[in-house]
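Residue numbers (the numbering used here): 215 to 508.
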């Protein structure tokens, strides 16, 4: 019987480059998606105007409402509004031919500014250098500033001085006759407090609330108030000197309602006969824009 030889074949596996799978593709896709989102964000920031940025900053601004206690009492926080309301969308009708905007027009804002300035100069000649009035986008801003030796509030206090009460009374006497909505802001200088539980943020907000009480006392109903907020020392008037007493102030922002003073007269019902289908004049196209945040 013939012997069969056994043949053993050894297969050597060659360790080559080969494929490494597709995990790197997933990582690369995530990286590209992140870069696209980043550059899109940069583009949007670059396209945003300065007034729009200010509105966004105000929308996300947290503020607290404080109530002052009795004589000699301490100021306590009532509530903190951290959850901001969602943005509201309103439909604004484009003014038709012959229609003008009332107090909210540039001429109306300038007229309101001059009226307030004239009243301050006539009735408060000794305090006129502590009041600054300027036209801002969509409204008029009034700054009631401290002066060395004549503050609007005593140091560290939330009680208005006699000077502060006089200025607010004159302003409210003129604001009552308008349709303006009012925002009240409190500002401080950069001097810090040793008491960490009641710093410039709390002080500016409490002073704004005290000004609100005085404004309502002088005849401005709460329904016309849009916002009461404190900004501490984040928005100084004298930027080169954040410790300047003029940075301690109460600001009133007045935003007149848009009103139609000269509406277009209605068209006559008698229409000439036309051949073919009647042509209807196009109506004013409504424009959609975000309302101001409360």
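Idealized CB from N, CA, C, for every residue including glycine. Computed from a predicted structure; not experimentally measured.
Go through its chain and collect everything with a Cβ distance to residue i's Cβ below 6 Å, but skip five positions before and after it.
i           : result
residue 390 : 433
residue 395 : 438, 440 and 469
residue 446 : 402, 414, 415 and 418
residue 342 : 334 and 335
residue 488 : Residue confidence is low: residue 488 scores 46 on pLDDT, short of 50, so the model does not pin down where it sits. Its coordinate-derived value is still stated next. Excluding residues within five positions, none has a Cβ falling inside 6 Å.
residue 243 : none
residue 435 : none
residue 397 : 440, 441 and 467
residue 346 : 357
Check the C-beta distance from residue i over to residue j and give it rounded, since I have them as a contact under 8 Å.
i           : j           : result
residue 422 : residue 358 : Actually they do not touch by this definition, with Cβ atoms about 11 Å apart.
residue 459 : residue 348 : Contact flag wrong, Cβ pair sits at about 20 Å.
residue 330 : residue 388 : 6 Å
residue 372 : residue 420 : 4 Å
Let me know if residue i comes out buried or exposed under the rule of 16 or more other beta-carbons within 10 Å of its beta-carbon.
i           : result
residue 344 : buried
residue 295 : Residue placement at residue 295 cannot be trusted, given a pLDDT of 42 that sits under 50; the coordinates are not used to answer.
residue 163 : Residue 163 is absent from the structure shown; the chain starts at 215 and stops at 508.
residue 376 : exposed
residue 248 : exposed
residue 542 : As shown, the chain starts at 215 and ends at 508. That puts residue 542 outside it, with no answer to give.
residue 471 : exposed
residue 274 : exposed
residue 427 : exposed
residue 218 : exposed
residue 324 : exposed
residue 256 : exposed
residue 444 : buried
residue 236 : exposed
residue 240 : exposed
residue 370 : exposed
residue 366 : buried
residue 399 : buried
Using CA coordinates, which residue listed in the options is at the minimum distance from residue i?
i           : options               : result
residue 351 : 319, 393 and 413      : 319
residue 429 : 223, 379 and 418      : 379
residue 382 : 435, 425 and 371      : 425
residue 385 : 327, 250 and 436      : 327
residue 340 : 364, 323, 372 and 410 : 364
residue 442 : 272, 222 and 409      : 272
residue 431 : 448, 374 and 456      : 374
residue 268 : 332, 238, 245 and 448 : 448
Go through its chain and collect everything with a Cβ distance to residue i's Cβ below 7 Å, but skip five positions before and after it.
i           : result
residue 452 : 458, 460 and 461
residue 410 : none
residue 251 : none
I'd like the list of long-range same chain contacts for residue i, defined as Cβ closer than 8 Å, with 5 residues on each side in sequence excluded.
i           : result
residue 220 : none
residue 392 : 317, 326, 468 and 470
residue 406 : 413 and 414
residue 337 : 384
Below 8 Å, is the gap between the Cβ of residue i and the nearest heavy atom of the ligand ZN?
i           : result
residue 446 : Inclusion of the ligand ZN in the displayed structure is not the case, the ligand content being empty and no account of it being possible.
Entirely enclosed beta strand (DSSP E) segments - the stretch 318-387, minimum 3 residues
345-350 and 353-359
Which full runs of the beta strand (DSSP E) of 3+ residues lie inside the stretch 384-435, going along the chain?
395-401
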